[in-house]
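Notes for the one structure printed next.
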Amino acid sequence: MRNGKIKSGVIGWPIDHSLSPRLHGYWLQAHNINGSYQAIAVSPQGLPAMLGSLAEDDFAGLNVTVPHKQAVLEHLDEISDQARRIGAVNTIVVDENNRLIGSNTDGFGFMENLKNGHPGFKAASGPAVVLGAGGAARAIVAALIDEGVPTITLINRTRRRAEKIADDLAGSIRVVDWSARNAALADAALLVNTTTLGMTGKPPLEISLAGLPGEALVNDIVYAPLETALLQAAKARGNATVDGLGMLLHQGRPGFAAWFGVEPVVTEALRRYVLAGMGG
Ligand code: ATR
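For the sequence shown, my numbering puts the final residue at 1700, and the numbers step up evenly by one.
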């Protein structure tokens, strides 16, 4: 812990359902750190004041979630290249000069989840198909490009949003209509769902995996339920799968390490503990 700053947390509006306090609370206890991590409800109007007093309020840093991920950018002293490229910040670190440094660890969490969930996975080994074009998709597409993926097929209901990502992120990105999603799976080595479809309370993700190569890895960033219908269908036909919980767990690591000076690890016990917090 640096400068006696012992507080951290996640800001959002609303914030009630965040699993991050459970995640970071587990690590604080596991490492016997005298620090705190709170879910903090901050309204859009309250955001400038919250960030303005962060250092004097003894915060080592924060996670940032909906709806503040873009809005925080203008209140920070420094923004990592990756966060600027993605256009969103999910982690703030208060440095030794009380400057606020913003970064985005979603892409890191995504890649670490795939590498840990499917040892030997290499994005460079084949084309990827990404469903969705929201904030999560943007971070994931950037991460795949950075890891050397040869091509990405980006498929979104609102085609214009996928085209915007393809324009903003330099890489080999092919945009395909939502209605053509089944046929677009033919050469995929990786299929990722970044839409909210299939999440508890949302409509199902309707897709046929019949054309997906048997060696393709399938990942859903939805983790409630943990085994989505997409992952079930993939498993049933013999595809390897990685669920979405690990992305949440791994994206928290860089922030915790910077705030408290300890590199935390993602273990099976941590997974079970966080799952218990969502009644799973
Ligand atoms: P986030 O920024 O957290 O990723 P988001 O911007 O709301 O969340 O993105 C949700 C994703 O799910 C989008 O890709 C959205 O498609 P649109 O860009 O067309 O809105 C997708 N999505 C949500 N409901 C959908 C539906 N019924 N059919 C197809 N895609 C859907």
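We treat Cβ as the ideally placed atom computed from N, Cα and C, and that holds for glycine.
With contacts defined as CB atoms closer than 8 Å, residue 1481 and residue 1500 fail to qualify as a contacting pair.
The C-beta separation of residue 1506 from residue 1533 comes to about 17 Å, leaving the pair out of contact by the 8 Å criterion.
The Cβ atoms of residue 1493 and residue 1513 lie no closer than 8 Å to each other. Sequence-distant Cβ neighbours of residue 1564 in its own chain, meaning closer than 7 Å and more than five residues away, are 1543, 1548 and 1572.
The beta carbon of residue 1541 is closer than 7 Å to those of 1534, 1535 and 1637 in its chain, skipping five residues each way along the sequence. In this structure, the beta-carbon distance from residue 1537 to residue 1562 does not fall below 8 Å. Taking C-alpha positions only, residue 1680 is separated from residue 1479 by approximately 11 Å.
Within the same chain, and ignoring the five residues on either side of residue 1555 in sequence, the residues whose Cβ sits closer than 7 Å to its Cβ are 1489 and 1508.
Residue nearest to residue 1473 within the set 1635, 1427, 1659 and 1601 is 1427 (criterion: CA-CA distance). The three-state reading of DSSP puts residue 1601 in coil, since its state is none of H, G, I, E or B. Annotated three-state conformation of residue 1660 is strand, per DSSP. Within its own chain, the residues whose Cβ lies closer than 7 Å to the Cβ of residue 1475, once the five positions on either side in sequence are excluded, are 1514 and 1518, listed in chain order.
Within the chosen limit of 7 Å, ligand 1 reaches the beta carbon of residue 1552 through at least one heavy atom. Your pair residue 1585 and residue 1557 checks out as a contact, with CB atoms roughly 7 Å apart and the cut at 8 Å.
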